[in-house]
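Engineer: Just dropping this structure here.
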Amino acid sequence: MSDFFDLIQAPDNRRGLIRVMDTIVELCENVQDDFHLQFGLSSPVYEGLCDGLSLNEFDGIRLLKKKEMAKGWCEDRPLYALLFSYHRFQDSPGRAEFVALFLAQYYALANNRVGQIASSTKLDIRLKESCDRFRLLMQSCESMKPSKYIHYSPPEIACLLRQDRDMDTTLAEYQKSYMTQLAHFFAADWKETKGHFRVSPTSSLRAIGRGVAAHVLGDPDLLLHFGHGKKNDEKDGLAAGDTMLLPQIVEDCSMPARDAAQGPFLSNIGNAKKRSMIQQSYTRRVRRQYNRSPASISLVSGRDLALLFDALNSLSLQHYTVQGVPKSVIGMALYLSLILGKSIDELCGLSISSQPSLDGIYIDEKGDWWLSFGLASIVKRSSRPVESRRFEPVTNYVHWDCPKSVRRVVRQAHRSDLLGYKGALIPREYLQEVNQACRHWVERWARRQSANLSCQSIEAFLLMTTLADEEIDPTCLDFAFRTTSLVTRTTRHYSYYTLSCLASNLEKIWRTIHLRMDESDALPTDLLTWIPQSTESGIGSCFVPTLATQREMVACLQHPLRSKDKQVYRELVAMMRYHNAYAAYTSYLVLYATGYRAVYNPLPSLSMVLARYQLVVISDKDNSDYAHTRVVCLPTVLAEQLANYTRHLLALRTRLIALDPRLGRQLTEWLEQHVPNDTIATARQWFHDHKNAKDRPGPLFYFSEDTGDVNVVSPSWLKTQLPFSVPVNAGRHNLQSYLLEQQCPSELINFQLGHWLSGQAFLGDYSCFDYQSATQYLRPLLDKMLEERGWQSIPSLLR
561 MSDFFDLIQA
571 PDNRRGLIRV
581 MDTIVELCEN
591 VQDDFHLQFG
601 LSSPVYEGLC
611 DGLSLNEFDG
621 IRLLKKKEMA
631 KGWCEDRPLY
641 ALLFSYHRFQ
651 DSPGRAEFVA
661 LFLAQYYALA
671 NNRVGQIASS
681 TKLDIRLKES
691 CDRFRLLMQS
701 CESMKPSKYI
711 HYSPPEIACL
721 LRQDRDMDTT
731 LAEYQKSYMT
741 QLAHFFAADW
751 KETKGHFRVS
761 PTSSLRAIGR
771 GVAAHVLGDP
781 DLLLHFGHGK
791 KNDEKDGLAA
801 GDTMLLPQIV
811 EDCSMPARDA
821 AQGPFLSNIG
831 NAKKRSMIQQ
841 SYTRRVRRQY
851 NRSPASISLV
861 SGRDLALLFD
871 ALNSLSLQHY
881 TVQGVPKSVI
891 GMALYLSLIL
901 GKSIDELCGL
911 SISSQPSLDG
921 IYIDEKGDWW
931 LSFGLASIVK
941 RSSRPVESRR
951 FEPVTNYVHW
961 DCPKSVRRVV
971 RQAHRSDLLG
981 YKGALIPREY
991 LQEVNQACRH
1001 WVERWARRQS
1011 ANLSCQSIEA
1021 FLLMTTLADE
1031 EIDPTCLDFA
1041 FRTTSLVTRT
1051 TRHYSYYTLS
1061 CLASNLEKIW
1071 RTIHLRMDES
1081 DALPTDLLTW
1091 IPQSTESGIG
1101 SCFVPTLATQ
1111 REMVACLQHP
1121 LRSKDKQVYR
1131 ELVAMMRYHN
1141 AYAAYTSYLV
1151 LYATGYRAVY
1161 NPLPSLSMVL
1171 ARYQLVVISD
1181 KDNSDYAHTR
1191 VVCLPTVLAE
1201 QLANYTRHLL
1211 ALRTRLIALD
1221 PRLGRQLTEW
1231 LEQHVPNDTI
1241 ATARQWFHDH
1251 KNAKDRPGPL
1261 FYFSEDTGDV
1271 NVVSPSWLKT
1281 QLPFSVPVNA
1291 GRHNLQSYLL
1301 EQQCPSELIN
1311 FQLGHWLSGQ
1321 AFLGDYSCFD
1331 YQSATQYLRP
1341 LLDKMLEERG
1351 WQSIPSLLR
């Protein structure tokens, strides 16, 4: 086992070993059965280690289960840090296979089995840097598509990395530098390193290399100016550096050359002109990314769309080439990009196989074709619900009955029926040229037809159509075909679809497109019907409670409020318990009716309830310098319950003064804290201090039965009010998913949930959002949802 721990660079205290073993197990399951041999583990030892770490005896060893890296791992144990961080990598197809390729190359280089590497390249430093660069790119670089590289050998991967580095305009400079270092890693072509210092043959002093521009403050190179004249020719056993002043310190100055990727950033320090140029460069890059040309973002007209379908249909039958790529392959790539909403680069990562877990086309044992896409949850395993039966079932894969038009273009591109074929969806020999060939063909075709088209507009066609209609939320496309877009990055986490609902949304999108094309025959009719392989589960958020669970939860919260016990009026403890139950019920209703996040003191003042306008002011997702304050629709049940709660507080204060004057005075002072109305500045400061505060007064509070203290309602306290485990913010997931199921316009969903991008705030200075129309549409839906789950307005027993 010591060899195994040395190979993975495990720390002596074995911190985080269980997390690292989870990574190794996932790699072995996705790559090949004997991959554990890479770590020096035989099959019996590997199985025994996995079984041993799963025993209950290891539950008490907290170091083994740590989920945070220790200080210094990235410097001293880069490979262990990489394995430990695997679950933070972007969840994309081919992730495990690409990491396995990296590890195989790492061990091959460490054992000097690959390449002609110069002896002075300091291989250990190169390998450490490669681990760091690979880990950082896999965590944060969205352009890093693992599935694009897993079908190639290491030298070919190096070529692809260099090509992506040169062609992708969205990459930052440091990301390009990282990709360059990874290309050297896979190609094993590191060159001879140049030392930071050189030794003159006629001098005993080490001179500064020519490549160094300036000294760093505190650098001990000052000692180099204190020489002893000529070198003593009579060595008498002395070493070459013994005649220097403080030779040991000077020797320590021989540091390796600084990473070339850090050079521009260091040289720009203190240079105002270069800093300005860098800022302008980033600004231009942002404009290119989000402010594209009209040809790349505008909606495709019905006329251009009909011409495009006809052209792609005829193109798939031709065998001539464009820039070395057959037109049938170009037709297949553009057709799939149009109906799946994926770029050509993303299509290069799809495959044709008999494995349902791979993205692309899955051919089952019966020979049926399915469009397969994996959608693993982004939620950590430790954060997922404990009682999964209480939540809507979630699948990690979605399989669509492959349309006949897709089968036809794929068969024509491969010139075979593909029986028993396993490989890339786009033939491997054209993967590097197909992107440029598609762009070239689209430009020429659009020029001849006077069409406003580009590869970007074809890729964004489905998304732009959905955003323009505002009838179907764009998260539908994310879950149907595993696409990602800027406009769905926050809503995706809260959304849940049943597969039958997802299919009906896709059919509605394509029916709308068909009408826009004046019901042209150019659109294949098989795109109007989408059939999932199974409808027993859904896809998306794993925190949506089932209808039965929500009804049970509401019944548990209502049970103590139905009591007719007269002790509530007479005994202090019984009165405090009743108030706590009443506050818990009201708090949960606020969360489930408005989509409130799980925060402290969710309603800092009852004056924020605007019952006249059927609105309520809420504030969540706050920090010290930002407040996500907004108005949302106020359902009827919640408005009535808050009115009941206001009367309950007045009666509670009166009875407490009689039973416990000290507690009554404390509650009176608590409730008399109100929003100052003398100036806007003081009111704003009051709100800043009280919103989501843990120790500031608010109408939602509870009593500590042992001490009688008044406490602000908190998420942890709300959890204790239910006999089973349900996340406090599950109401937010439920509200988002319910509105999606009712096919509510996406703009109104974002309004109620508080999802918007910069410049789209509904309370913005120039916003023309109509709150009255929004509440008229949303309130009946919210009332229906709350009624189905059993929520009611319950008057207090205290009067």
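Take the sequence shown: its position 60, counted from the start at 1, is 620 in the working numbering, and no numbers get skipped.
Just so it is clear, CB atoms sit at the ideal spot from N, CA and C, and this is done for glycine as well.
To the nearest angstrom, how far is it from the Cα of E993 to the Cα of V1002?
Structural biologist: Straight-line Cα distance between these residues: approximately 14 Å.
Engineer: Taking one C-beta from the region 1301–1312 and one from the region 967–979 each time, how about it: are there three or more such pairs within less than 8 Å?
Structural biologist: Short answer: they don't touch.
Engineer: Do you know offhand how far P1084's Cα is from R1007's?
Structural biologist: Approximately 25 Å, taken between the alpha carbons.
Engineer: Excluding the five sequence neighbours on either side, which residues of its own chain have a C-beta within less than 6 Å of the C-beta of N1065, listed in chain order?
Structural biologist: Around N1065: I1032 and C1036.
Engineer: According to DSSP, which residues form a beta bridge with T522?
Structural biologist: Any answer about residue 522 is impossible in this case: the structure gives the chain only from 561 up to 1359.
Engineer: Taking C-alpha atoms, which residue in P963, D692 and C1061 lies nearest to L639?
Structural biologist: Among P963, D692 and C1061, the Cα nearest to that of L639 is on D692.
Engineer: Could you round the C-beta distance between G891 and L875 to whole angstroms and report it? I think they count as a contact, below 8 Å.
Structural biologist: G891 to L875, Cβ: 4 Å. Contact.
Engineer: Should P1164 and K1251 be called a contact, given that it needs their Cβ atoms to be closer than 7 Å?
Structural biologist: In contact: P1164 and K1251 (Cβ atoms closer than 7 Å).
Engineer: Apart from the five residues on each side of it in sequence, which residues of its chain come closer than 7 Å, Cβ to Cβ, to H1074?
Structural biologist: Counting only Cβ-Cβ distances below 7 Å, and skipping sequence neighbours, we find L1083 and L1088.
Engineer: Which residues does DSSP pair with R1190 in a beta bridge?
Structural biologist: Beta-bridge pairing links R1190 to I1178.
Engineer: Tell whether a beta-carbon distance below 7 Å holds between S1353 and E1200.
Structural biologist: Yes.
Engineer: CB-CB under 7 Å to Q1009, same chain, minus the five flanking residues each way: which ones, in chain order?
Structural biologist: Result list for Q1009: L867, in chain order.
Engineer: In whole angstroms, give me the CA-to-CA distance for W1005 and R999.
Structural biologist: Each residue's alpha carbon lies about 10 Å from the other.
Engineer: Go to Y1145, then tell me how far its alpha helix (DSSP H) extends in each direction, as first and last residue.
Structural biologist: Start and end: L1132 to T1154.
Engineer: Sorted by chain position, which residues of the same chain lie with C-beta nearer than 7 Å to A1141's C-beta, five sequence neighbours on each side aside?
Structural biologist: For A1141, where only same-chain residues beyond five positions count, the Cβ hits under 7 Å are P1120 and L1121.
Engineer: Quick one: residues in its chain with C-beta nearer than 7 Å to the C-beta of R722, no 5 flanking neighbours on either side, listed in chain order?
Structural biologist: Hits under 7 Å: A743.
Engineer: Just to confirm, is the Cβ distance from V1288 to L1295 under 7 Å?
Structural biologist: Going by C-beta atoms, V1288 is not nearer than 7 Å to L1295.
Engineer: Measure the Cβ-Cβ separation of A984 and S911 and say whether it is below 7 Å.
Structural biologist: For A984 and S911, yes; Cβs fall inside 7 Å.
Engineer: Does the Cβ-Cβ distance between Q1281 and G1155 come in under 7 Å?
Structural biologist: No. Outside cutoff.
Engineer: Leaving out the 5 sequence neighbours to the left and right, which residues in its chain are closer than 6 Å to F745 when beta-carbon positions are compared?
Structural biologist: Excluding residues within five positions, the ones whose Cβ falls inside 6 Å are S690.
Engineer: Can you check which of these residues, E1347, K1181, P1195 and H1208, is closest to M540 by C-alpha distance?
Structural biologist: Residue 540 cannot be examined here, being either before or after the span of the chain that is shown, 561 to 1359.
Engineer: Determine the closest residue to L1149 out of W960, E1019 and P1195, with distance taken between C-alpha atoms.
Structural biologist: Answer by Cα proximity: P1195.
Engineer: What does W1070 pair with, by DSSP beta-bridge criteria?
Structural biologist: W1070 is not bridged to any residue.
Engineer: Excluding the five sequence neighbours on either side, which residues of its own chain have a C-beta within less than 6 Å of the C-beta of K626, listed in chain order?
Structural biologist: Cβ neighbours of K626 beyond the five flanking positions: R575 and G576.
Engineer: Give the single residue among R1049, V939, L898 and C1061 whose Cα lies nearest to the Cα of S1297.
Structural biologist: Comparing Cα-Cα distances from S1297 to each of R1049, V939, L898 and C1061, the minimum goes to C1061.
Engineer: In terms of residues, what are the limits of the alpha helix (DSSP H) holding I710?
Structural biologist: Careful: I710 lies outside any alpha helix (DSSP H) and carries neither H nor E.
Engineer: Once you ignore the five residues that flank V1159 on each side, which residues in its own chain have a CB closer than 6 Å to its CB?
Structural biologist: So the list reads D1180 and N1252, once near-sequence residues are dropped.
Engineer: Quick check: the Cα distance between F564 and P571, rounded to an integer number of angstroms?
Structural biologist: So the two alpha carbons sit approximately 12 Å from each other.
Engineer: In chain order, what residues of the same chain lie with their CB nearer than 8 Å to the CB of H1188, ignoring the 5 residues before and after it?
Structural biologist: Same-chain partners within the cutoff: S1179, D1180, K1181, D1182 and G1314.
Engineer: State the CB to CB distance for the pair D1086 and P963, rounded to an integer number of angstroms; the pair is presumed to be in contact (CB under 8 Å).
Structural biologist: Contact holds; Cβ gap of about 4 Å.
Engineer: Which residues bound the alpha helix (DSSP H) around I899?
Structural biologist: Element bounds for I899: K887 to L900.
Engineer: In whole angstroms, what separates the C-alpha of G1098 from that of L1023?
Structural biologist: Using only the alpha carbons, I get a separation of about 22 Å.
Engineer: What distance in whole Å lies between the Cβ atoms of L1346 and C534, which are believed to be in contact at a cut-off of 8 Å?
Structural biologist: The requested residue 534 is not part of the displayed model; the chain covers only 561 to 1359.
Engineer: In the DSSP assignment, the alpha helix (DSSP H) including G1291 goes from what residue to what residue?
Structural biologist: Element bounds for G1291: A1290 to E1301.
Engineer: Using alpha carbons as the reference points, say which of V1197, L1151 and Y1152 lies closest to A1171.
Structural biologist: Here the closest residue by C-alpha is V1197.
Engineer: Using three-state DSSP, classify T881 as helix, strand or coil.
Structural biologist: Of the three classes helix, strand and coil, the one that applies to T881 here is strand, per DSSP.
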